[in-house]
Amino acid sequence: MNTGAVGRLPRISAMQFATMITSGYIALGIFYFPRQAIANAGRAGLWSIILDGIITWVLMHLIFRVNRLVPNETLTSFAPKILSKPIGFVMGVYTIVYHVILAIAAVALFGFVLGDIFLPLTPIWVIVGALVMTSVYMGWGGTAGLARTLQAGYTPVAILTLLTGLATSLLVRHPVLLLPPKDFPIVPILRGAWQEYIIFIGFQLTVTLYPFIRNEQRKQAEKYSYIALGIVIAILVIEYEVEIATFGPYYITQLRWPLVSLMRILSVQGFFIDKFGLLVVALWTIIVAGFVAVRLWCLSHDVMAMFQLKGGVAYHIVLIVSGLALILGSAMIPNAQFDEILNERYLIPAGVVYLIGIPLVILPVAYFRRTAVQKIRNQAEATPPPIG
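Under the UniProt record's numbering, the sequence shown has 376 at position 376, and the numbering climbs by one with no breaks.
Below you can see the structure in the form of structure tokens.
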């Protein structure tokens, strides 16, 4: 996978890694939030969100342990060496296909959101095409360029969204619903956690991104990723409380995109844009574009690792082809309801199997093949990750 010292770009910092990881999972299920949790558990759906956060922390810890086995190579590169070529190949194909389907679901969903609110007369494929081309452009400069772009665009929008979410607390109509629920119905909470887990499922991209962190900042990068996860959980809890206290549990279950509906009723009198909440929704394009850009970057690197492709030209070709695949794939999703069914029936189970299965398979084998793993690690340290 190495292209030589001349062809390599600078690695990313710990903060950039955490930003890319967070942007790689938060965008997908946020538009449905918190309808599934409330539909299953009512007010106790709050515990579903917290449970999702705990599960994600545990799985993230296990995935980082896998990454540390051979920190200078992606999973697609080192899995065949630790396990066997057939098993490693299956894992690589699984990773690539999941990247593609997850990105298709994200761009199609946001196309429906934008089309429904802002561009009702514009064909969805035009919206999706513009979004994907923007994402391809964001990823064109490689790892460091994408990381800097996300820091410049994603972080301010995330902060603005948080502040706007806090401002929506002024819309609360049922303040008694702000009190945390005292009941713990186990099965409804678990069901709500399962259906809401689409928000977090995308953090599996760490298996591709980890080798590109600066060597001396890897521990710090993991720490920042945990902190970012904690911030995301806190924001989701706040938004959950505000939405349920504003609309009431039953009304939220009837909304297609509850969080978008909350933003639509937020206005700032005297501001040059009266519907300030809709401005924030429009700016979410940056967050979704960042999600797709990171996903395309990971997809391109996994394809290059699997087929032993090298160099910047190969990276750009794979990036363009991947973008076209997303546009064509999203055109096959007829409506938002189909997209939601795709998430619940296929993407969540496939993602959970991946996040649990990778550590469950690799870590025990690596334990019994410690000498071989050390040899692979030593070889990888002499060949740092390539361009892109």
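Where is the CB? At the ideal position from N, CA and C, for every residue including glycine. Since this is a predicted model, take the numbers as computed values, not measurements.
Checklist entry - Does the Cβ of Pro-349 have 16 or more other Cβ atoms within 10 Å, making it buried, or fewer, making it exposed? => result exposed
* Does the distance from the CB of Ala-44 to the CB of Pro-185 come in under 8 Å? -> yes
Would you please state the rounded distance, in angstroms, between the beta carbons of Thr-208 and His-301? I believe it to be under 8 Å.
Thr-208 to His-301, Cβ: 5 Å. Contact.
task: Look up Ile-55 in the DSSP assignment and say whether it is helix, strand or coil.
output: helix
Practice problem: Excluding the 5 residues preceding and the 5 following Ala-299 in the sequence, name in chain order all residues of the same chain whose CB lies nearer than 7 Å to its CB. | Solution: Note on residue identity: the sequence assigns Leu, not Ala, to residue 299. Around Leu-299: Ile-96, His-99, Val-100 and Ser-322.
Simplified DSSP assignment, three categories, for Ile-30 | coil
Below 8 Å, how does it come out for the stretch 166-178 and the stretch 23-41: are there three or more Cβ pairs, yes or no?
no
Exercise for the section: Look up Ile-12 in the DSSP assignment and say whether it is helix, strand or coil. Expected result: strand
Assuming Ala-314 and Met-304 make a contact with CB atoms under 8 Å, what is their CB distance in whole Å?
6 Å
Using a threshold of 8 Å, state whether the C-beta atoms of Leu-102 and Leu-28 are closer than that.
yes
Which of helix, strand or coil DSSP assigns to Ile-213:
Note: Ile-213 maps to strand in three-state DSSP.
Q. Alpha carbon to alpha carbon, what distance is there between Ala-37 and Arg-191?
A. One C-alpha to the other measures close to 8 Å.
Q) Nearest to Gly-134 by alpha carbon, out of Thr-246, Pro-156 and Phe-291? A) Sequence check: residue 134 is Thr here, not Gly. Closest option to Thr-134, Cα to Cα, is Phe-291.
*Buried or exposed: where does Ala-228 fall if 16 or more other Cβ atoms within 10 Å of its Cβ makes it buried?*
buried
ask   = Which value, in whole angstroms, describes the spacing of the CA atoms of Ile-12 and Lys-219?
value = Cα-Cα distance, rounded: 13 Å.
| message | Could you tell me the alpha carbon to alpha carbon distance between Ile-317 and Ala-245, rounded to whole angstroms? | response | 49 Å
### Query
So what does DSSP say about His-174, is it helix, strand or coil?
coil
Q. Does the separation of the CB atoms of Ala-14 and Ile-320 fall below 8 Å?
A. no
| request: Quick one: residues in its chain with C-beta nearer than 8 Å to the C-beta of Ile-333, no 5 flanking neighbours on either side, listed in chain order? | output: Ile-104, Ala-105, Ala-108, Asp-339 and Leu-342
Practice prompt. Say whether the stretch 117-131 touches the stretch 222-238, bearing in mind that this needs 3 or more beta-carbon pairs closer than 8 Å, one atom from each stretch.
Written response: no
Quiz item: Mapping DSSP to helix, strand and coil, what is Gly-42?
Solution: Looking at Gly-42 - three-state DSSP - the assignment turns out to be helix.
Only counting the same chain, and skipping five residues up and downstream in sequence, which positions put a Cβ closer than 8 Å to that of Thr-206?
Ile-21, Met-60, Ile-63, Phe-64, Asn-67 and Ser-225
Using the beta-carbon count (16 or more within 10 Å), is Glu-381 buried or exposed? exposed
What's the call for Asp-52, buried or exposed, on a 16-neighbour Cβ count within 10 Å? buried
DSSP state of Val-70, grouped into three classes?
coil
Quiz item: When the Cα atoms are used, what is the spatial distance from Val-126 to Val-136?
Solution: 15 Å
Thinking Gln-217 and Leu-355 are a contact (beta carbons under 8 Å), I'd like their distance in whole angstroms, please. Gln-217 to Leu-355, Cβ: 24 Å. No contact.
With a CB to CB cut of under 6 Å and the five nearest residues on each side skipped, what residues in its chain are close to Leu-75? Val-207
Identify, in the order they occur along the chain, each residue of the same chain with its Cβ nearer than 6 Å to the Cβ of Phe-17, setting aside the five sequence neighbours on each side.
Ile-213 and Ala-221
Pick from Gly-329, Phe-78, Val-58 and Trp-57 that is closest to Val-365, judged by C-alpha positions: It is Phe-78.
task: Quick one: residues in its chain with C-beta nearer than 7 Å to the C-beta of Gly-24, no 5 flanking neighbours on either side, listed in chain order?
output: For Gly-24, the CB contacts under 7 Å within the same chain, skipping 5 residues up- and downstream, are Gly-202, Phe-203, Leu-205, Phe-291, Val-294 and Arg-295 in chain order.
Open item on the list: By the DSSP assignment, the alpha helix (DSSP H) with Asn-335 in it spans what residues?
Closed with: No alpha helix (DSSP H) holds Asn-335; DSSP gives it neither H nor E.
Distance CB(Pro-156)-CB(Ala-41) smaller than 8 Å: no
So, for Glu-239: in the same chain, excluding its five sequence neighbours on each side, which residues have a beta-carbon less than 6 Å away from its beta-carbon? Gly-165
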